[in-house]
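Those sequence lines, one after another, are chains A and B.
Read in order, the letters of the first sequence are residues 6 to 144 in our numbering.
Read in order, the letters of the second sequence are residues 6 to 144 in our numbering.
All residues carry an ideal CB built from backbone N, CA and C; glycine is no exception.
Just so you know, these numbers come straight off a predicted model, no measurement behind them.
Number of protein chains: 2
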Amino acid sequence: MNWYKIDDVAKITGLTKRTLRYYEEIGLIPPPERSDGKIRLYTDEDIEQIRRVLIAKEVLGFSLQELQQFLHLKKMIEQNHTEYGSFGPEELLEIKKHLSGQIHMLHAKIERMQKFTQELTELQQKIKVQLNQFAKEDE
Amino acid sequence: MNWYKIDDVAKITGLTKRTLRYYEEIGLIPPPERSDGKIRLYTDEDIEQIRRVLIAKEVLGFSLQELQQFLHLKKMIEQNHTEYGSFGPEELLEIKKHLSGQIHMLHAKIERMQKFTQELTELQQKIKVQLNQFAKEDE
DNA sequence: TCGATTTTTAACGTTCACGTCAAAGTAAAC
DNA sequence: GTTTACTTTGACGTGAACGTTAAAAATCGA
Numbered sequence: 006m007n008w009y010k011i012d013d014v015a016k017i018t019g020l021t022k023r024t025l026r027y028y029e030e031i032g033l034i035p036p037p038e039r040s041d042g043k044i045r046l047y048t049d050e051d052i053e054q055i056r057r058v059l060i061a062k063e064v065l066g067f068s069l070q071e072l073q074q075f076l077h078l079k080k081m082i083e084q085n086h087t088e089y090g091s092f093g094p095e096e097l098l099e100i101k102k103h104l105s106g107q108i109h110m111l112h113a114k115i116e117r118m119q120k121f122t123q124e125l126t127e128l129q130q131k132i133k134v135q136l137n138q139f140a141k142e143d144e
Numbered sequence: 006m007n008w009y010k011i012d013d014v015a016k017i018t019g020l021t022k023r024t025l026r027y028y029e030e031i032g033l034i035p036p037p038e039r040s041d042g043k044i045r046l047y048t049d050e051d052i053e054q055i056r057r058v059l060i061a062k063e064v065l066g067f068s069l070q071e072l073q074q075f076l077h078l079k080k081m082i083e084q085n086h087t088e089y090g091s092f093g094p095e096e097l098l099e100i101k102k103h104l105s106g107q108i109h110m111l112h113a114k115i116e117r118m119q120k121f122t123q124e125l126t127e128l129q130q131k132i133k134v135q136l137n138q139f140a141k142e143d144e
């Protein structure tokens, strides 16, 4: 098993040491093991978890709080699935509703991003036209 | 021409009055007309502009500063196109590079969002299975 | 026209997401 | 085993994006 100290993890993930401690403090990532002298020792799996959190953060544009709630929900559902559940049917329905809301939101966001990308592409096109003008002037 | 006072615009856009003044203060939206008594009077076009800014903010996940720079850039390019340009060819190339970077980033983001949406859909599926179990138990 | 409601600017307050610094403990290197 | 480098907790600092409050001015309704 590989063990990483906080500075290694910082370099690997691109986060600062402060940020790693902060994310742990607010419960966004699980507390890693510690040495006898209380020094944080991260595993490869810990690092993977951090990576997933970073992607979710960036992709969803969530605040850290929202992200936290989301990860909690996800964990709950997965536990419920394997271990035979702590959720009743009305809770499950509630969660399902919540999820479809999220999915819907993501679809809307994706659509707007595609529109935006198109706008940018059009801008790029205009620049190309301009550049051609300059090329002509040089002849 | 329709004129809206700040409270109307707040209700229409969902922003607070403070936020509207703040966005104006940092140059994110153009200052609207004023009455003789110095009261802000927004037009439909102003409101449209605000809407576009909001979408760009949400979609791109930009900070207000980045957003500001981006809008500035866009305006510049469009002016350059119609009014015959304040940009030289090397500046245009720089901007073009910048734009392709942005477009690339958006593509990557869209892809990750689609993956994420799929993950959520799978979670939803698991919940449906759970709900079916409950339905069976009730028979 | 007068009272009630809104709007204005200015200033200070707040929350989030960390940065920075200090003091003490731990690990590593020689 | 001592110096050097790294880590820990704790606390205060900071910039962004507003919220809140106050006091004066403007507008609206009766």
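Give the residues of chain B in contact with A/S105, contact being defined as C-beta atoms less than 8 Å apart.
Proximity of chain B to A/S105 at the Cβ level (cut-off 8 Å) is accounted for by Q129, in chain order.
Does B/K189 pass the burial test, meaning 16 or more other C-beta atoms within 10 Å, or should it be called exposed?
Given a span of 6 to 144 for chain B in the structure shown, any question on residue 189 of chain B remains unanswerable.
The alpha helix (DSSP H) with B/G106 in it runs from where to where?
94-142
List, in chain order, every chain A residue whose beta-carbon is nearer than 7 Å to that of B/Q119.
I115
Which of helix, strand or coil does DSSP assign to A/L33?
coil
Within the present structure, is the beta-carbon of B/K10 separated from the nearest heavy atom of the ligand NAP by less than 8 Å?
Ligands are entirely absent from the displayed structure, and the ligand NAP is therefore not among its contents.
Residues of the segment 58-83 of chain B whose Cβ lies closer than 9 Å to any Cβ of chain A, in chain order:
Sequence-ordered contacts of the segment 58-83 of chain B with chain A read I60, A61, E63, V64, L65, G66, L78, K79, I82, E83 [C-beta pairs closer than 9 Å].
Using the beta-carbon of each residue, which ones in chain A are nearer than 9 Å to B/I55?
The premise fails here: B/I55 is roughly 16 Å from chain A at the closest Cβ pair, so nothing lies under 9 Å.
Residue closest to B/L98, alpha-carbon to alpha-carbon, out of A/E99, A/L128, A/S40:
A/L128
For B/R57 versus B/L46, is the C-beta distance shorter than 9 Å?
no
Can you name the residues of chain A whose CB is closer than 7 Å to the CB of B/N85?
Per Cβ cutoff of 7 Å: Q135.
Just the C-alpha distance for A/K22 and B/H109, rounded to the nearest angstrom, thanks.
Spanning the two alpha carbons is a distance of roughly 30 Å.
Cβ closer than 9 Å: which chain B residues qualify as neighbours of A/V111?
Going by the sequence as given, residue 111 of chain A is Leu instead of Val. In chain order: M118, Q119, F121, T122, L125.
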